[in-house]
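Enquirer:
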Amino acid sequence: MENVQLSNQVNLSFEDRGSGPAVILLHGFCGSSRYWQDIAPKLETSYRVIAPDLRGHGGSSVPDEPYLMETIASDISLLMDKLGVDKAVLCGHSMGGYVASAFAGAYPDKLAGVALIHSTSLPDDEAGKQKRTDTMESIRKDGLEPFIEGLIPKLFADHSLEHKPAIVQQTIDIGNHTPPLGAIRTAEGMRERIDRTLVLEKLQVPVLLVAGSKDKIISVDKTFTPEGSHIYKHEINQAGHMSMMEYPDELIEPLKNFLARCY
Ligand code: MLT
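Just so we're aligned: the sequence shown equals residues 49 to 311 in our numbering.
1) Hey, I165 and V258 are a contact pair by Cβ (cut 8 Å); roughly how many whole angstroms apart?
2) Quick check: what's the CA-CA separation for F272 versus V58?
3) Since I believe P296 is in contact with D86 (beta carbons under 8 Å), could you give me their beta-carbon distance rounded to a whole number of angstroms?
4) Could you name the residues that DSSP lists as bridge partners for I187?
5) Which residue wins for smallest C-alpha separation from L91, given the options G66, S167, S81?
6) Note down, in chain order, each residue of its chain lying with its Cβ closer than 6 Å to the Cβ of T183, except the 5 sequence neighbours on either side.
7) Which ranges would you report for the alpha helix (DSSP H) in the stretch 214-260 if only whole runs of at least 4 residues count?
8) Check each residue's C-beta against every heavy atom of the ligand MLT and list, in chain order, those closer than 5 Å.
9) Our contact map puts R233 next to T181 with C-beta atoms below 8 Å; I'd like the distance itself, whole angstroms only.
10) Roughly how many angstroms separate the alpha carbons of C78 and Q252, rounded to a whole number?
11) Give a yes or no on whether the C-beta atoms belonging to R244 and A150 are separated by under 8 Å.
12) Using 8 Å as the Cβ pair cut-off and three pairs as the minimum, do the stretch 220-232 and the stretch 167-176 touch?
13) According to DSSP, what are the bridge partners of E283?
14) Determine the direct distance from the alpha carbon of E275 to that of D112, and round the result to whole angstroms.
15) In the DSSP assignment, the beta strand (DSSP E) including V71 goes from what residue to what residue?
16) Starting from the C-beta of I300, find all residues in its chain whose C-beta is less than 7 Å away, skip the five residues before and the five after it, and write them out in chain order.
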């Protein structure tokens with residue numbers, strides 16, 4: 049892992065491998081760059097693949113302020129500047145997709161494409177916002193482990209829970225390494241995010257939406273909401289919320305086809 053200072057408060061850890069057009073992989077809530085361990089090596093042969101730990105996660109800084117999706121998007125823009133990357137395809141898993149959508153709203157000229165993987169352009173509804181507040185309180189009170197324990201069965205398709213225990217265990221380990229303050233501040237930022245359906249519909253670059261038919265967190269219709277001739281939709285039949293770890297071979301193919309359209 050490499051490390052870069054973005055500001056007085058924020059250092060980001062990141063992987064930077066391969067060469068060619070840039071692809072930036074953004075992990076989800078309580079994840080890390082390790083979420084992409086099966087995907088990154090398959091892209092590095094043709095692309096420069098950059099996978100950061102987002103603020104509050106993995107080895108990156110944990111500033112004590114709400115992490116709005118716009119703020120995390122600004123971290124990514126600064127990271128690109130520091131690494132001399134003018135344009136990239138941003139691929140965001142779940143919360144990483146919320147960040148990629150915020151990035152699309154703020155820095156469209158720095159994009160060659162956007163992929164949302166098990167994510168949505170929609171904001172939280174009122175019940176969802178209340179759940180974020182409950183999550184923040186429960187992590188503050190009981191720490192992160194009980195939250196991760198409750199989250200894991202929702203992340204994976206039942207078949208994966210039963211037949212892929214090593215991957216499930218890895219996800220638990222990554223989750224439990226998240227600094228509790230980072231998780232709290234991220235939940236707060238996700239609660240405040242706005243509807244970015246129009247941002248994606250008006251984007252001048254290709255957009256890929258990947259959904260898992262067994263996703264218990266973000267349903268296929270919520271992933272597939274944006275419409276347009278530049279928007280490509282792909283459903284992975286057996287996957288839950290974690291295709292990059294559950295079914296990497298089924299994700300890599302649509303992703304490679306999409307990257308070939310972007311560059
Ligand atoms: C994620 O995997 O990033 C989360 O499930 C996103 C969310 O809680 O909305």
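A virtual CB, placed ideally from N, CA and C, is assigned to each residue, including glycine.
Expert: Considering the structure as presented:
1) Their Cβ separation, rounded to whole angstroms, is 5 Å, which keeps I165 and V258 in contact under 8 Å.
2) Computed Cα separation, rounded: 34 Å.
3) Indeed they touch by this definition, with Cβ atoms about 4 Å apart.
4) BP columns for I187 are empty, so no partner.
5) Nearest C-alpha to L91: G66.
6) So the qualifying residues of the chain are A235.
7) For the stretch 214-260, whole alpha helix (DSSP H) runs of length 4 or above, ordered along the chain, are 228-239, 245-250.
8) Any residue whose Cβ sits closer than 5 Å to a heavy atom of the ligand MLT makes the list: G76, F77, S142, M143, I265.
9) About 13 Å separates the two Cβ atoms, so there is no contact after all.
10) Taken atom to atom, the span from the alpha-carbon of C78 to that of Q252 is near 31 Å.
11) For R244 and A150, yes; Cβs fall inside 8 Å.
12) No: the two stretches stay apart, fewer than three of their Cβ pairs being nearer than 8 Å.
13) In DSSP, E283 forms a bridge with A259.
14) If you take the alpha carbons of D112 and E275, they lie about 37 Å apart.
15) According to the DSSP assignment, V71 belongs to the beta strand (DSSP E) that extends over 70-74.
16) If you ignore the 5 residues before and after I300, its C-beta comes within less than 7 Å of the C-beta of I87, K90, all in its own chain and listed in chain order.
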